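Comments concern the structure below.
Protein chains: 2
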Amino acid sequence: MSLIAAPAPSLTDKLTAAKAASRVLATATADRKDDGLRAIAAALVANADRIVEANGLDLANARENGVGASLQDRLRLDADRLAGLASATELVASLVDPVGESVRGKVLPNGLRLDQVRVPFGVVGAIYEARPNVTVDIAALALKSGNAAVLRGGSAAQQSNRVLVEVMREALAGVGLPADAVVTIDEFGRDGAGELMRARGLVDVLIPRGSAELIDTVVRESKVPVIETGAGVVHVFLDASADETWAVDIVQNAKVQRPSVCNALETLLVHRDAAERLLPPVLGALRASGVTIHGDERTLEVFPDGVPATDDDWATEYMGLDLAVRVVADVDEAMEHIARWSTHHTESIVTNDLATAERFLAEVDSAVVMVNASTRFTDGGEFGFGAEVGISTQKLHARGPMGLAELTSSKWVVRGRGQVRG
Amino acid sequence: MSLIAAPAPSLTDKLTAAKAASRVLATATADRKDDGLRAIAAALVANADRIVEANGLDLANARENGVGASLQDRLRLDADRLAGLASATELVASLVDPVGESVRGKVLPNGLRLDQVRVPFGVVGAIYEARPNVTVDIAALALKSGNAAVLRGGSAAQQSNRVLVEVMREALAGVGLPADAVVTIDEFGRDGAGELMRARGLVDVLIPRGSAELIDTVVRESKVPVIETGAGVVHVFLDASADETWAVDIVQNAKVQRPSVCNALETLLVHRDAAERLLPPVLGALRASGVTIHGDERTLEVFPDGVPATDDDWATEYMGLDLAVRVVADVDEAMEHIARWSTHHTESIVTNDLATAERFLAEVDSAVVMVNASTRFTDGGEFGFGAEVGISTQKLHARGPMGLAELTSSKWVVRGRGQVRG
């Protein structure tokens, strides 16, 4: 043992190590990667005490800093939650490996065989906040899709994340996979995040997860390609022909079932010919669930139990029990409102008019457009992906719920017998 | 007619107009878009005099500025070249429209019908240099895929581009399509390019085409998502078991057939066990075609008719009759060289060893990997796409030759009968 401690690795050292690990993962079989995932799942349970102890430091720090009870709860890890994380990691192991899947293939007229196959990105960077379970989630999804993960978590969970990464690295090394497939750069603080965003060539794609502000900062500052997982100012439009039961059920489900998530309803638009018929039962049910109605003038005439809406309401993702409501002249005015105020996440129309439904589906420019369904279905699990990396609101590469396939790029493989171009 | 001239539109005005036009294009049928393309083709021929006259101003300006003969030639438009551009535009009209194509679809367990369909990006921006035919190329590909095009061409072709855009806008308006589907922002100069790169929300994707320096600037400065079409430091590796005829033919074709393009060979790697057998015939044929050999020490021992290579040579895209040549110990050293120096465009191995071929195809991380074929086949036309937007060397969204499908995003369409989430 040397008396002189080795210098701590620089951020570039860590990214370079992750890049090297990614080359091993790129050609690792699904069996080997699944061994790694199962080892991580077992290690999370076996090291529960060590993880909960580190989490205790983060929780104590949060209390000292006067962090609210709900954020403290999101930060908390206990044996039950670690068992849940282990199960989720085992579930990822049970999914189909996207790597190597043929996307397209054919033989060219000159006899060249052409195949487009899915390959890992290489190194996937993630910048996220608060909940330490994201650390394991992203590492597991990256590993399954053959990518190394470089993680930059929130400072509130720094102790928890440090130990979670240690435990995952030990588990990987234990089954002969490179520990550097999972790397944290939390120790480099704010400068580290900036350096990560400039690490072209070492990091292949960057995924921000968290507040709109965090995502916006990464999108604006990153030189590395970003997959934007955005906010949801989500709309439902009740057309003149909407069925009352469907209208009540869909709006209630979209707003109340889980109001704090991005696919929850934020603005309800109602055709003026249906306002008197639909607003009382729809908004009455919401009020009974404790929802505050922010209505335009016409809405409050029909349903006075609300507060006046301003332009700010149309732009707001409440993420709570508030709803903006506006009466519109027709589907055109509804689509104009959506074009102006939507974040292009999910919009749904409730209607029985076929032509109107088809126009809405064709003309509304959002990641997910629906007819007669709750916006809460915009979700990787509900879509049958088995896992969700996030919900993309950008148009490049992935749009809407992202599964494992969205964590891959592709490569063209050309097989010839001496062909040259004429 | 007003005596007071209307103020010239600002850049934001023009982008906003393009965005509005893109909404019309997004739901235009393929027949309508093809009418527009055929009208553009006819107008290019009908307005040849007007276009050639404007081009004459650019050419005169180029001569005054002492621009070289080859660049002047690339800048030149005449009746023949305009007829060629018209044919190319008609060819785009004859291709299959990618918009509306179903990518995936299924019925979920709860009865929801889910379809992922191709939709246009919306507004595609292009920043490019020199050749005015790119102005028509990009506008035609964007129109076919339902996108509005915002064009920022090189100042050397500004007069030509201005008239080409005028002619295309008139043609579109003549068939009832929005003229603002094609917009130039050349009049805003360098500031305009910067503003375009910051126009998030108005421009959906930006494609730089031109020099490595131009592409690098756009990638680093743009806040709008970019599809990078990169440089090609392209490699061929001659394995120990390479067939001599294939080695000679493939290297000759890859280097000499059209040395100025991105899929041309720049560095040849040779297995040391094959150096004495293969280098004399392979390099002899290249020398006979006027290629200068930049060889490492071992290469020059076997084939002395060359100059010593330095690290600069490994990093250089010559785009001319020069070739870097290195003798390597084995396929591992070849792949290490490629990992270090390649721009990840195209690499090809010439071999008869199955295991080595499969390792090369699996482990080399480039957009296109080949066995026993010329690197010149990396091309949208050769791949059967009918048209080529460029060759992407990034991993997000599109990798390798990009056809019309790569100019689209997708949208999830969900059809229900009142479903809500449990």
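Here the protein sequences line up with chains S and P, keeping their order.
To get my numbering, take the position in the first sequence, counting from 1, and add 37.
To get my numbering, take the position in the second sequence, counting from 1, and add 37.
Ideal Cβ placement from N, Cα and C applies to all residues, glycine included.
What you are looking at is a predicted structure, and each value in this text was computed from that prediction instead of being measured.
Which residues mark the beginning and the end of the beta strand (DSSP E) in which residue i is found?
i, result
"P:L358", "Per DSSP, P:L358 belongs to no beta strand (DSSP E) and is neither H nor E."
"P:D152", "150 to 157"
"P:G459", "Careful: P:G459 lies outside any beta strand (DSSP E) and carries neither H nor E."
"P:P245", "242 to 246"
"P:E384", "383 to 387"
"S:F274", "271 to 275"
By Cβ distance, which residues of its chain are closer than 7 Å to residue i, with the 5 residues on each side in sequence left out?
i, result
"P:L444", "F158, V161, L178, A179, S182, N184, V426"
"S:V255", "I164, M234, L243, P245, V263"
"P:I252", "P245, E265, T266, G267"
"P:S259", "M234, L243"
Could you tell me whether any Cβ in chain S is nearer than 8 Å to the Cβ of residue i?
i, result
"P:E354", "no"
"P:P262", "yes"
"P:I164", "no"
"P:K292", "no"
"P:M407", "yes"
"P:G453", "yes"
"P:A410", "yes"
"P:L145", "yes"
"P:T64", "yes"
"P:L149", "yes"
"P:D280", "yes"
"P:S447", "yes"
"P:W283", "yes"
"P:R155", "no"
At least one CB of chain P closer than 8 Å to the CB of residue i: is that the case?
i, result
"S:E419", "yes"
"S:Q109", "no"
"S:F225", "no"
"S:D68", "no"
"S:G159", "yes"
"S:M38", "Note that S:M38 has pLDDT 47, beneath the 50 cutoff, so the model's placement of it is unreliable and no number is given."
"S:R413", "yes"
"S:G427", "no"
"S:V450", "yes"
"S:D134", "no"
"S:V457", "yes"
"S:I287", "yes"
"S:D402", "yes"
Excluding sequence positions up to five away, which residues of its chain have a Cβ less than 6 Å from the Cβ of residue i?
i, result
"P:N92", "L114, S197"
"P:D72", "V212"
"P:F225", "L48"
"S:A210", "A216"
"S:Q431", "E265"
"S:M38", "Confidence at S:M38 is low in this model, with a pLDDT of 47, below 50, so its placement is unreliable and the value that follows should be read with caution. Closer than 6 Å at Cβ, skipping near neighbours: no residue."
"P:Q289", "A322"
Report, in whole angstroms, the separation of the C-beta atoms of residue i and residue j, which I expect to be a contact under 8 Å.
i, j, result
"S:L398", "S:V406", "5 Å"
"S:A291", "S:V273", "6 Å"
"S:R206", "S:V187", "Not a contact, Cβ separation roughly 13 Å."
"S:A474", "S:V82", "Beyond the ends of chain S as shown, which are 38 and 459, falls residue 474 of chain S; an answer cannot be given."
"P:T221", "P:E303", "Contact doesn't hold; Cβ gap of about 34 Å is too wide."
"P:R150", "P:E138", "The Cβ separation is near 17 Å, so there is no contact."
"S:V457", "P:D367", "Not quite, the Cβ-Cβ distance comes to about 26 Å (not below 8 Å), so this is no contact."
"S:R308", "S:L360", "Note that residue 308 of chain S corresponds to His in the displayed sequence, not to Arg. Actually they are not in contact, since the Cβ atoms of S:H308 and S:L360 sit about 17 Å apart, beyond 8 Å."
With a CB to CB cut of under 8 Å and the five nearest residues on each side skipped, what residues in its chain are close to residue i?
i, result
"P:Q195", "D95, D223"
"S:G343", "L320, T329, I330, H331, G332, T336, L337, V362"
"S:L62", "K70, P157, L180, G183, N184, A185, L214, P215, A218"
How is the alpha helix (DSSP H) around residue i delimited, first residue to last?
i, result
"S:G93", "85 to 101"
"S:L337", "334 to 339"
"P:G226", "226 to 234"
"P:V171", "170 to 181"
Residues within the segment 366 to 399 of chain P neighbouring chain S, beta-carbon criterion of under 7 Å: Listed in sequence order: L398, A399.
Name the residues in the segment 432 to 445 of chain P whose C-beta lies less than 7 Å from a C-beta of chain S; which are they? Here the close residues are K432, L433, H434, R436, G437.
Residues of the segment 314 to 339 of chain P with Cβ closer than 7 Å to any Cβ of chain S, in chain order: Against chain S - using a Cβ distance shorter than 7 Å - the segment 314 to 339 of chain P contributes no residues.
Taking a cut of 7 Å between CB atoms, which residues from the segment 189 to 202 of chain S lie near chain P? Under the 7 Å Cβ criterion, the segment 189 to 202 of chain S contributes no residue.
Against chain P, which members of the segment 226 to 246 of chain S pass a CB distance test of less than 7 Å? Taking 7 Å as the Cβ-Cβ cut-off against chain P, the residues of the segment 226 to 246 of chain S that qualify are D241, V242.
Listed from N- to C-terminal order along the chain, which residues in the segment 42 to 64 of chain S have their beta-carbon within a distance smaller than 8 Å of any beta-carbon of chain P? If you check each beta-carbon in the segment 42 to 64 of chain S against every beta-carbon of chain P, the ones closer than 8 Å belong to R60, A63, T64.
Mind listing which residues of the segment 246 to 260 of chain P have their C-beta closer than 8 Å to chain S's C-betas, in chain order? So the list reads V256, R257, K260, given in the order they occur along the chain.
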